[in-house]
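Everything below concerns the one structure shown next.
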């Protein structure tokens, strides 16, 4: 995947209403009107959010004439999650090493009888 | 992408996360409804209500609000091994939503606790990825909660 695709994904994820819509769609497919109903915002506003999500490839719309349900698309979501996970693991490992180091320092101090009681 | 015709049972996710808290506290965070209500939802949501009967066969029910949309998940506990393993079914109250199975495994690692969560039985790869993001976000809530507790202790 290109860096551009990732930028598009994160830009689409940068809005709480759009994140709420994605969470909603993880539980099940919904039509545009069904999605708009609980959000108390206008249908055009929801449609605009859906367009951003669609352009980022995060959702797609079914072709059934009437209902055309929106559904999640796996690939961009997975790429974004993988990107974040990579950095989280990096920091986790660093924190583990820092913890080991501090424990060593503590033990060293004990051995030299420098720990204050 | 999943190959066409791949069985739903094969659609599974696994999320691992280490927490700065001892095993006992992390187990409580997974089993005490009061504590669960503080973190068990993705970042874009809040827990509206949560009740559970923590015994094998016992039911639980949680409603979360995402945006202004209420989502309810229900299930039953299948396996409870204190401070080790928690297995429960998971089904959204949505037409055609499948029943998936969530396994939470806890492991002490020094003073920290490592949690591995797996969920299997999704209807599609997209739904699986959506849940992977959701769980990662919920576990982030829990990690922040422990970080907040640690900071309060240091200050106190």
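Chains as they are written, first to last, in the working numbering: chain C, 417 to 533; chain S, 213 to 368.
Positions of the beta carbon are idealized from the N, C-alpha and C atoms, including for glycine.
As the structure is a prediction and not an experimental result, all values here were calculated from the model.
Whole-angstrom distance between residue j and residue i, CA atom to CA atom
i	j	result
residue 515 of chain C	residue 290 of chain S	36 Å
residue 317 of chain S	residue 301 of chain S	15 Å
residue 439 of chain C	residue 238 of chain S	25 Å
residue 402 of chain S	residue 251 of chain S	Any answer about residue 402 of chain S is impossible in this case: the structure gives chain S only from 213 up to 368.
residue 490 of chain C	residue 307 of chain S	21 Å
residue 444 of chain C	residue 286 of chain S	15 Å
residue 436 of chain C	residue 462 of chain C	12 Å
residue 347 of chain S	residue 335 of chain S	17 Å
residue 321 of chain S	residue 517 of chain C	16 Å
residue 324 of chain S	residue 365 of chain S	16 Å
residue 240 of chain S	residue 247 of chain S	7 Å
residue 610 of chain C	residue 283 of chain S	Past the edges of chain C, shown from 417 to 533, lies residue 610 of chain C, and the structure says nothing about it.
residue 281 of chain S	residue 527 of chain C	60 Å
residue 229 of chain S	residue 345 of chain S	13 Å
residue 478 of chain C	residue 486 of chain C	6 Å
residue 338 of chain S	residue 523 of chain C	49 Å
residue 363 of chain S	residue 356 of chain S	10 Å
residue 330 of chain S	residue 315 of chain S	5 Å
Helix, strand or coil at residue i [DSSP, three-state]
i	result
residue 437 of chain C	helix
residue 261 of chain S	strand
residue 318 of chain S	strand
residue 533 of chain C	In this prediction, residue 533 of chain C has a pLDDT of 46, which is less than 50 and means its spatial position is unreliable; nothing more can be read from the coordinates.
residue 331 of chain S	strand
residue 308 of chain S	coil
residue 268 of chain S	coil
residue 302 of chain S	strand
residue 476 of chain C	strand
residue 516 of chain C	helix
residue 252 of chain S	coil
residue 508 of chain C	helix
C-beta neighbour in chain C for residue i, strict 7 Å
i	result
residue 279 of chain S	yes
residue 233 of chain S	no
residue 263 of chain S	no
residue 306 of chain S	yes
residue 342 of chain S	yes
residue 346 of chain S	yes
residue 356 of chain S	no
Proximity test, Cβ basis, 7 Å: residue i and chain S
i	result
residue 486 of chain C	no
residue 404 of chain C	This structure gives no information on residue 404 of chain C, because the portion of chain C shown stretches from 417 to 533.
residue 538 of chain C	Summary: the structure shown does not reach residue 538 of chain C, with chain C confined to residues 417 through 533, and so no result is reported for it.
residue 427 of chain C	no
residue 449 of chain C	no
residue 508 of chain C	yes
residue 444 of chain C	yes
Residue i classed as buried or exposed, judged by whether at least 16 other C-beta atoms fall within 10 angstroms
i	result
residue 529 of chain C	exposed
residue 503 of chain C	exposed
residue 425 of chain C	buried
residue 500 of chain C	exposed
residue 227 of chain S	buried
residue 328 of chain S	exposed
residue 434 of chain C	buried
Neighbourhood of residue i by C-beta distance below 6 Å, restricted to the same chain and skipping five residues each side
i	result
residue 496 of chain C	425
residue 264 of chain S	245, 272
residue 358 of chain S	231, 232, 233
residue 275 of chain S	260, 261, 282, 284
residue 222 of chain S	none
Nonlocal neighbours in the same chain, by C-beta distance under 7 Å from residue i, ignoring five residues either side
i	result
residue 277 of chain S	257, 258, 260
Heavy atom of the ligand SAM within 6 Å of residue i beta-carbon
i	result
residue 254 of chain S	For the structure depicted, the ligand SAM is absent and the ligand set is empty, with no information on it obtainable.
Cutoff 8 Å; reference residue i; Cβ partners in own chain excluding five residues on either side
i	result
residue 268 of chain S	289, 290, 291, 292
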